[in-house]
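Colleague: Protein chains in written order, with this note's numbering: chain A, 102 to 213; chain B, 191 to 301.
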């Protein structure tokens with residue numbers, strides 16, 4: 102039982118490049134979330150999903166896209182990376198309607 | 191805007207109880223109080239939540255005032271590993287209500 106797994110854990114991109122962060126959970130959770138955390142800040146919600154095939158915008162969705170083709174996976178895409186997207190990205194999952202989220206270990210992204 | 195107010199930091203001696211305060215004066219009747227913590231750069235970890243009754247689990251106790259405008263998270267015997275940023279969050283139960291994290295409070299447990 103791995104919980105929530107994020108790949109990759111570290112990545113360096115050049116401005117304008119694209120990439121995808123993968124989040125996988127093995128707890129059969131319905132809800133999945135992508136947050137970003139900048140130095141000295143709390144977590145800000147980018148996008149979330151309440152079920153397979155559904156996605157919704159959070160607080161800071163601009164510049165990101167997401168997909169939830171399978172219940173266990175939630176992908177976060179950056180089509181054209183910008184230095185402002187340098188951050189640590191956390192994925193989380195939960196059962197429907199609960200506030201008990203399980204977080205991954207984070208993915209540190211640097212955009213040069 | 192964050193619905194909770196926490197002091198930015200506090201210290202505690204190892205082995206003593208750590209009492210972490212949180213104000214949530216605008217909390218609604220259907221909103222729960224959640225506590226999470228984030229150790230160093232790891233992902234946040236759920237600790238406990240409650241509505242109006244006091245709650246206890248293997249990690250901590252949550253004391254909510256009768257008017258529900260504030261709460262206290264109690265770590266009964268703080269250890270060095272409890273050094274972390276602690277987040278107090280209010281959230282409605284059910285539906286797709288999201289967790290909104292503020293800046294939290296840095297607890298430093300000193301030897």
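C-beta atoms are modelled at their ideal positions from N, C-alpha and C, and glycine is treated no differently.
#1: What are the residues that DSSP puts in a beta bridge with residue 228(B)?
#2: Can you confirm whether residue 111(A), when its beta carbon is compared against all beta carbons of chain B, has any partner nearer than 8 angstroms?
#3: Output the distance between the C-alpha atoms of residue 220(B) and residue 282(B), rounded to the nearest integer angstrom.
#4: For residue 211(B), which three-state DSSP category applies?
#5: Along chain B, in chain order, which residues have C-beta atoms closer than 9 angstroms to that of residue 175(A)?
#6: Taking the beta carbon of residue 234(B) as the centre, do at least 16 other beta carbons fall within 10 Å, making it buried, or is it exposed?
#7: Check each candidate in 205(B), 265(B), 211(B), 206(B) and name the one with the smallest Cα separation from residue 223(B).
#8: Residues in the stretch 192 to 209 of chain A with C-beta within 7 angstroms of chain B's C-beta atoms, listed in sequence order?
#9: Is the Cβ of residue 161(A) closer than 8 angstroms to any Cβ of chain B?
#10: Closer than 7 angstroms, Cβ to any Cβ of chain A: which residues of the stretch 289 to 300 of chain B, in chain order?
#11: Measuring alpha carbon to alpha carbon, tell me which of 252(B), 269(B), 271(B), 256(B) ends up nearest residue 262(B).
#12: According to DSSP, is residue 270(B) helix, strand or coil?
#13: Let me check one thing: in DSSP terms, what residues is residue 209(A) bridge-paired to?
#14: Assuming residue 178(A) and residue 165(A) make a contact with CB atoms under 8 angstroms, what is their CB distance in whole Å?
#15: Can you list, in chain order, the residues of the stretch 219 to 232 of chain B whose Cβ is nearer than 7 angstroms to any Cβ on chain A?
#16: Under 7 angstroms between beta-carbons, which chain B residues line up against residue 146(A)? List them in chain order, please.
#17: Starting from residue 125(A), follow the beta strand (DSSP E) in both directions and report where the run begins and ends.
#18: Return the CA-CA distance between residue 294(B) and residue 278(B), expressed in angstroms with no decimal places.
Modeller: Inspection of the coordinates gives the following:
#1: Indexing the second chain from 1 puts residue 228(B) at position 38. Looking at the DSSP assignment, residue 228(B) forms a beta bridge with 275(B).
#2: Here residue 111(A) corresponds to residue number 10 of the first chain, with the count starting at 1. No, residue 111(A) lies away from the interface with chain B (no Cβ there is under 8 angstroms from its Cβ).
#3: Numbered from 1 along the second chain, position 30 holds the residue referred to as residue 220(B). Numbered from 1 along the second chain, position 92 holds the residue referred to as residue 282(B). Between residue 220(B) and residue 282(B), the C-alpha separation is close to 6 angstroms.
#4: Position 21 of the second chain, counted from the first residue, corresponds to residue 211(B). If DSSP states are grouped into helix, strand and coil, residue 211(B) belongs with the strands.
#5: Stepping through the first chain from its first residue, residue 175(A) is reached at position 74. None at all; the shortest Cβ gap to chain B is about 14 angstroms.
#6: Within the second chain, residue 234(B) is the residue found at index 44, counting from 1. Buried, since its Cβ has 16 or more Cβ neighbours within 10 Å.
#7: If you number the second chain from 1, residue 223(B) lands on position 33. Answer by Cα proximity: 211(B).
#8: 198, 200, 201, 202, 204, 205, 206, 207
#9: Looking up residue 161(A) in the first chain gives position 60. With 8 angstroms as the cut-off, residue 161(A) does not count as an interface residue toward chain B.
#10: 289, 291, 292, 293, 294
#11: Counting from one through the second chain, the residue named residue 262(B) turns up at place 72. The shortest Cα separation from residue 262(B) among 252(B), 269(B), 271(B), 256(B) belongs to 252(B).
#12: Position 80 of the second chain, counting from 1, holds the residue named residue 270(B). Assigned with DSSP and collapsed to three states, residue 270(B) falls in helix.
#13: By 1-based counting over the first chain, the position of residue 209(A) is 108. BP columns for residue 209(A) point to 111(A), 189(A).
#14: As a position in the first chain, residue 178(A) is number 77, starting the count at 1. As a position in the first chain, residue 165(A) is number 64, starting the count at 1. Going by Cβ atoms, the distance from residue 178(A) to residue 165(A) rounds to 7 angstroms, so yes, they are a contact pair.
#15: 222, 224, 231, 232
#16: Sequence index remark: in the first chain, residue 146(A) carries index 45 (1-based). Correct list: 288.
#17: For the purposes of this step, residue 125(A) is taken as the residue at position 24 of the first chain. Boundaries of the beta strand (DSSP E) harbouring residue 125(A): 120 to 126, taken from the DSSP string.
#18: For the purposes of this step, residue 294(B) is taken as the residue at position 104 of the second chain. For the purposes of this step, residue 278(B) is taken as the residue at position 88 of the second chain. Cα to Cα, residue 294(B) sits roughly 7 angstroms from residue 278(B).
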